[in-house]
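Reviewing the structure listed below.
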Amino acid sequence: MGLASVLSYSVTSNASYCLITFLAMLSVMRATGASPLTSQAAAGQFVASYAGLWLLNNLIRPLRIALAVAVAPVFNRALDRIESALSVKRGAAFAIGFVLTTLLVCAMFFAALQLPAIITGVPLGSVKNLGALVKAGKAASS
């Protein structure tokens with residue numbers, strides 16, 4: 001299950017980071033009434049919230065690995081289906097699975113940003129303002 005395990009860990013790990021992004025965005029939008037993409041104060045609070053959740057997320061890394069191992073058979077069956085449906089070798093099936101799981105992770109990240117805005121009614125702002133979060137992160141770390 002080598003390649004399936006790679007996909008499984010990739011999805012479970014990235015899903016956990018999407019979850020903490022969602023939780024940090026939700027808590028900041030509720031607390032400040034502003035989006036971290038549009039408000040410097042909210043961006044600073046987001047960085048602090050995300051950092052705490054990131055630390056917790058890394059402390060539970062063994063649980064994420066265990067989850068990835070537990071769901072690896074699902075990814076193995078998916079690779080088997082790709083192989084048989086498209087008559088390709090395992091490496092090609094993995095490449096296709098990698099692209100599909102990457103798209104899944106992108107969709108999860110988009111949802112992690114959009115859902116807090118929908119739940120709180122606070123406009124997200126433009127994703128072009130992601131630079132504000134980077135600046136807030138640099139300011140918070142110095």
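Take 1 as the starting number for the sequence shown in UniProt numbering and just add one per residue. The beta carbon of each residue, even a glycine, is placed where N, CA and C say it ideally should be. In this text the structure is predicted, and so the values were computed from the model without any measurement.
### Message
Considering Cα atoms alone, identify which of L59, V11, L23 is closest to A48.
### Response
As a working note, residue 48 is residue 48 in the sequence shown. Cα-wise, what sits closest to A48 is L23.
### Query
What does a CB cutoff of less than 6 Å around N14 pick up in its chain, not counting 5 residues either side in sequence?
Position 14 of the sequence shown holds residue 14. Correct list, in chain order: V105.
### Task
Please work out which residues of its chain come closer than 7 Å, Cβ to Cβ, to G91, disregarding the five sequence neighbours upstream and downstream, and give them in chain order.
Here residue 91 is taken as the residue at index 91 of the sequence shown, counted from 1. Correct list: empty, nothing qualifies.
#### Entry: Sub-7 Å separation of R81 and T12 beta-carbons
Counting from one through the sequence shown, the residue named residue 81 turns up at place 81. Counting from one through the sequence shown, the residue named residue 12 turns up at place 12. No; because the gap between Cβ atoms is not below 7 Å, this pair is not in contact.
### Task
Determine, using beta-carbon pairs with one atom in the stretch 54-62 and one in the stretch 72-80, whether at least three such pairs fall under 8 Å.
A contact between stretches requires three or more CB pairs, one per stretch, nearer than 8 Å, and the stretch 54-62 fails this requirement with the stretch 72-80.
### Task
Identify, in the order they occur along the chain, each residue of the same chain with its Cβ nearer than 7 Å to the Cβ of L67, setting aside the five sequence neighbours on each side.
Reading the sequence shown from its first residue, position 67 is the one you call residue 67. Cβ neighbours of L67 beyond the five flanking positions: T12.
### DSSP state of V88 mapped onto helix, strand, coil
Translated into positions along the sequence shown, residue 88 becomes position 88. Under the three-state reduction of DSSP output, V88 falls in the coil class, being neither helix nor strand.
### Message
Is the separation between the beta-carbon of A43 and that of T32 shorter than 7 Å?
### Response
As a working note, residue 43 is residue 43 in the sequence shown. As a working note, residue 32 is residue 32 in the sequence shown. In this structure, T32 does not lie closer than 7 Å to A43 by Cβ.
### Task
Label L55 either buried or exposed according to how many other C-beta atoms from any shown protein chain fall within 10 Å of its C-beta, with 16 as the threshold for buried.
Translated into positions along the sequence shown, residue 55 becomes position 55. It counts as exposed.
### Query
When the Cα atoms are used, what is the spatial distance from G125 to S84?
Walking along the sequence shown from the start, residue 125 turns up at place 125. Walking along the sequence shown from the start, residue 84 turns up at place 84. About 44 Å.
### Task
Would you mind reading off the limits of the alpha helix (DSSP H) that contains S35?
Looking up residue 35 in the sequence shown gives position 35. Counting along the chain, S35 falls outside any alpha helix (DSSP H), and DSSP gives it neither H nor E.
### Message
I'd like to check one pair, V122 with S35: are the Cβ atoms closer than 7 Å?
### Response
In the sequence shown, the residue the question calls residue 35 occupies position 35. In the sequence shown, the residue the question calls residue 122 occupies position 122. Between S35 and V122, the gap from beta carbon to beta carbon is short of 7 Å.
### Query
Can you round the beta-carbon distance between T120 and L26 to whole angstroms, since I take them to be within the 8 Å contact cut?
Sequence index remark: in the sequence shown, residue 120 carries index 120 (1-based). Sequence index remark: in the sequence shown, residue 26 carries index 26 (1-based). T120 to L26, Cβ: 7 Å. Contact.
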